[in-house]
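Residue numbers (mature numbering (1 follows the signal peptide of the UniProt record, and there is no 0)): -35 to -1, 1 to 204.
Structural data, given as structure tokens:
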């Protein structure tokens, strides 16, 4: 499935609390390789640490085993063993709630530092949603393997300190704007607000939407044999 299907965020977060008890592939999933203050192998396992919501989020069909661990909301990671088949299996992520209209934001920035494998198929991405889940803005900072964005190419633009190839699509539930960094990066800072302003003012693709949250994580299609994805540092700041 192409990036942007809201079931992993909009629908999944609305799932009843009983879903938190579901477990996926515990028999084959090892304990987290890092000493952590929290970990979970539950399908929808989640917790809140210092203002960030951590979420295991195994939402795709045909998924294997996956565990998430965290020392804090900004230092966390996942071990995933998903089969080498097509279709996104999961989006383990950390989320920061914003809840401000675009025109009310003075700044919205994020820094990241990650360690990712040279195997499997995945992208490391921000997933930014409005409160109504009408619009999804994805910022891919790196990717590996046969993965690609939803929609049609819209050209290349330099915004927020990076140069992106832009795609625009519709998954049947919401509009998806995907920004793929033209070269892979494992650390950096993204000025997100100019990207939102460009979508709203320069392109006119959406109005003054209220940005609900900024998520950052790993959209994993395959990771056979078990692969580690580590977020060494993540910060999301808004004013």
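Each residue gets a CB set at the ideal place from its N, CA and C atoms; glycine is no exception.
- Between residue 141 and residue 171 the beta-carbon gap is near 11 Å, outside 8 Å, which marks them as no contact.
- Within its own chain, the residues whose Cβ lies closer than 6 Å to the Cβ of residue 62, once the five positions on either side in sequence are excluded, are 178, listed in chain order.
- Judged by DSSP in its simplified three-state form, residue 18 adopts strand.
- By the neighbour-count criterion, in which a residue is buried when 16 or more other Cβ atoms sit within 10 angstroms of its Cβ, residue 111 is exposed.
- In this structure, residue 16 and residue 48 do not form a Cβ contact; the two beta carbons are roughly 35 Å apart against a cut-off of 8 Å.
- Residue 53 counts as buried, since no fewer than 16 other beta carbons sit within 10 angstroms of its beta carbon.
- Our two residues, residue 151 and residue 79, have alpha carbons roughly 5 Å apart in a direct line.
- Pairing residue 90 with residue 106 gives a Cβ-Cβ distance under 8 Å.
- Annotation for residue 114: no alpha helix (DSSP H) segment contains it, and DSSP assigns it neither H nor E.
- Residue 58 is not a Cβ neighbour of residue 109, given a cutoff of 8 Å.
- Of all alpha-carbon atoms in 73, 97, 187, 55, the one lying nearest the alpha-carbon of residue 6 is that of 55.
- For secondary structure counted as the beta strand (DSSP E) over 3 or more consecutive residues, the stretch 101 to 146 holds these complete runs in sequence order: 117 to 124, 127 to 135, 140 to 146.
- Rounded to whole angstroms, the gap between the alpha carbons of residue 156 and residue 182 is 17 Å.
- If you draw a straight line from the Cα of residue 201 to the Cα of residue 41, it is about 14 Å long.
- Counting C-beta atoms within 10 angstroms of its own C-beta, residue 51 has fewer than 16 neighbours from the protein chains shown and is therefore classed as exposed.
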